[in-house]
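Peer 1: Just so you know, we're using this note's numbering here: the sequence shown kicks off at 9 and counts up by one. There's a structure below that I have some questions on.
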Amino acid sequence: MALRKRSPKVTPTDTPRVSEAGSSAAAPVGRPAPTPVAKRRVGGVAVAVALAALGGLGAFVGTQANEAKPYLVVNAPVERGQKIESSMLSSVRVAGDPSVLVPATEAQQIQGQVATTDLQPGSTITRTSTATSLGVEDGESLVGLALEVGRLPAREMAAGDHVQVLFTPGNQNTKAGDESQNHDPVAAVIEASHHDQNSGKTTVDLRVKQADAQKVATWGAAGTASVIMQGAQK
9 MALRKRSPKV
19 TPTDTPRVSE
29 AGSSAAAPVG
39 RPAPTPVAKR
49 RVGGVAVAVA
59 LAALGGLGAF
69 VGTQANEAKP
79 YLVVNAPVER
89 GQKIESSMLS
99 SVRVAGDPSV
109 LVPATEAQQI
119 QGQVATTDLQ
129 PGSTITRTST
139 ATSLGVEDGE
149 SLVGLALEVG
159 RLPAREMAAG
169 DHVQVLFTPG
179 NQNTKAGDES
189 QNHDPVAAVI
199 EASHHDQNSG
209 KTTVDLRVKQ
219 ADAQKVATWG
229 AAGTASVIMQ
239 GAQK
């Protein structure tokens, strides 16, 4: 009996198939996977952006902190024309423009000036909030009177109040020629007022017409001037 020869069994190997061009089989078509170098680049850009944002925020906060300085504020109501005293001033640390707000280091320069506008407690003092005087218009004069109790209303007079100055000699003997002088009331406007605790007198600055200034000043020097307030004429 003749024996049949078995042909050897061929098993597949792991050797990749080679195309006709001699290259390995192509991988599935799609976006190429990012290489480690590309991943590092993307990560580096993200970190750089984050650091730049944090750096900008830090610079902004630092700038704000550097701009915060002590500036002057008033701690009590101050009316227009009222003299600024040291007890009225406080300071607060805020971010402001030194060309607009008054630094706390200039407190002594502000003391003794008058307010050019009404100031409420907590209001910052600006370069235009105070002045050495409110100024006098052409054709007007500013006259100061030191009045005793009874020669002006008990209520506090504010800058801008319209008043009249009267000749009130009281029990004093007038001079012989006084009867012929003009003793008509003089219309005036309060510019500032201040009560002196030591003397008990109230000093008022009055804006009057130039033609009446000498008469009012003479009454004040002689102690024959009084100030009254009147309502609007109907």
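Note that CB positions come from ideal geometry on N, CA and C, so glycine has one too. Here the structure is a predicted model, which means the values were calculated and not measured.
Once DSSP output is grouped into helix, strand and coil, what is the label at T210?
Peer 2: On the sequence shown, residue 210 is found 202 positions in, with the first residue counted as 1. Strand, per DSSP.
Peer 1: Who are G152's beta bridge partners in DSSP?
Peer 2: Your numbering for residue 152 matches position 144 in the sequence shown. Bridge partners of G152: D213.
Peer 1: Can you tell me whether DSSP reads A34 as helix, strand or coil?
Peer 2: Position 26 of the sequence shown holds residue 34. Unreliable placement is indicated for A34, whose pLDDT of 46 sits below 50; no coordinate value is reported for it.
Peer 1: Taking only three categories from DSSP, how would you classify T124?
Peer 2: Start at 1 with the first residue of the sequence shown, and residue 124 comes out as number 116. Looking at T124 - three-state DSSP - the assignment turns out to be coil, as it is neither helix nor strand.
Peer 1: Nearest-angstrom Cα distance between A73 and T134?
Peer 2: Translated into positions along the sequence shown, residue 73 becomes position 65. Translated into positions along the sequence shown, residue 134 becomes position 126. Here the model assigns A73 a pLDDT of 44, short of 50, so the residue's position is not dependable, and the following value carries that caveat. Near 21 Å, if we compare the C-alpha coordinates of T134 and A73.
Peer 1: Let me confirm a value: E199 is counted as buried when at least 16 other C-beta atoms fall within 10 Å, else exposed. Which label applies?
Peer 2: Mapped onto the sequence shown, residue 199 falls at position 191. Buried: at least 16 other Cβ atoms inside 10 Å.
Peer 1: I need the DSSP call for A162, collapsed to helix, strand or coil.
Peer 2: Locating residue 162 in the sequence shown gives position 154, counting from the first residue. The answer is coil: DSSP assigns A162 none of H, G, I, E or B.
Peer 1: Under 8 Å Cβ to Cβ from T232, same chain only, skipping five residues before and after it: list those, please.
Peer 2: Within the sequence shown, numbered from 1, the residue matching residue 232 stands at position 224. Excluding residues within five positions, the ones whose Cβ falls inside 8 Å are F175, T176, P177, G178 and Q180.
Peer 1: Is the number of C-beta pairs between the stretch 159 to 170 and the stretch 219 to 226 that are closer than 8 Å three or more?
Peer 2: no
Peer 1: Among the candidates V151, D105, P85 and V108, whose CA atom is the shortest distance from the CA of G228?
Peer 2: For the purposes of this step, residue 228 is taken as residue 220 along the sequence shown, with counting starting at 1. For G228, the nearest C-alpha among the options comes from V151.
Peer 1: Write down the C-beta distance between R88 and E148 rounded to the nearest angstrom, noting that I regard them as a contact closer than 8 Å.
Peer 2: To locate residue 88, count along the sequence shown from 1; it is residue 80. To locate residue 148, count along the sequence shown from 1; it is residue 140. That pair is no contact at about 17 Å.
Peer 1: Report the rounded CA-to-CA distance for L142 versus K217, giving the unit in angstroms.
Peer 2: To locate residue 142, count along the sequence shown from 1; it is residue 134. To locate residue 217, count along the sequence shown from 1; it is residue 209. Using only the alpha carbons, I get a separation of about 16 Å.
Peer 1: Which residue's Cα is closest to the Cα of K77: G158, V102 and E114?
Peer 2: Residue numbering aside, residue 77 sits at position 69 when the sequence shown is read from its first letter. For the residues G158, V102 and E114, the minimum Cα distance to K77 belongs to V102.
Peer 1: Report back the beta-carbon spacing between T124 and A139 to the nearest angstrom; my notes put them in contact at under 8 Å.
Peer 2: The count along the sequence shown starts at 1 and reaches residue 124 at position 116. The count along the sequence shown starts at 1 and reaches residue 139 at position 131. Indeed they touch by this definition, with Cβ atoms about 5 Å apart.
Peer 1: With a threshold of 16 other CB atoms inside 10 Å of the CB of V108, please say whether the residue is buried or exposed.
Peer 2: In the sequence shown, residue 108 corresponds to position 100, counting from 1. The residue is exposed, with fewer than 16 neighbouring Cβ atoms inside 10 Å.
Peer 1: If you run the structure through DSSP and keep just helix, strand and coil, what is S131?
Peer 2: Residue numbering aside, residue 131 sits at position 123 when the sequence shown is read from its first letter. In the structure shown, S131 sits in coil (DSSP, three-state: anything other than H, G, I, E or B).
Peer 1: Per DSSP, what are the beta-bridge partners of R101 in this structure?
Peer 2: One-based indexing of the sequence shown puts residue 101 at position 93. Among the bridge pairs identified by DSSP, R101 is matched with P78.
Peer 1: Out of V86, I236 and H202, state which residue places its alpha-carbon closest to the alpha-carbon of S131.
Peer 2: As a working note, residue 131 is residue 123 in the sequence shown. When only C-alpha atoms are compared, the closest one is V86.
Peer 1: Just how far apart, CA to CA, sit N206 and A166?
Peer 2: One-based indexing of the sequence shown puts residue 206 at position 198. One-based indexing of the sequence shown puts residue 166 at position 158. About 21 Å.
Peer 1: Skipping 5 residues on each side, what residues in its chain have a beta carbon closer than 6 Å to that of L127?
Peer 2: Here residue 127 refers to the residue found at position 119 of the sequence shown. V82 and V86.
Peer 1: Where do the ends of the beta strand (DSSP E) carrying I236 lie?
Peer 2: For this step, residue 236 is matched to residue 228 along the sequence shown. The continuous beta strand (DSSP E) containing I236 extends over residues A233 to M237.
Peer 1: Determine the closest residue to V212 out of D146, L160 and E145, with distance taken between C-alpha atoms.
Peer 2: Residue numbering aside, residue 212 sits at position 204 when the sequence shown is read from its first letter. The shortest Cα separation from V212 among D146, L160 and E145 belongs to L160.
Peer 1: What would DSSP say about A84, mapped onto helix, strand or coil?
Peer 2: Position 76 of the sequence shown holds residue 84. It is coil, neither helix nor strand.
Peer 1: Given Q121, which residues of its chain have a CB within under 8 Å of its CB, disregarding the five upstream and five downstream residues?
Peer 2: Indexing the sequence shown from 1 puts residue 121 at position 113. Once the five neighbours on either side are set aside, the close Cβ partners of Q121 are K91, I92, T138, A139 and T140.
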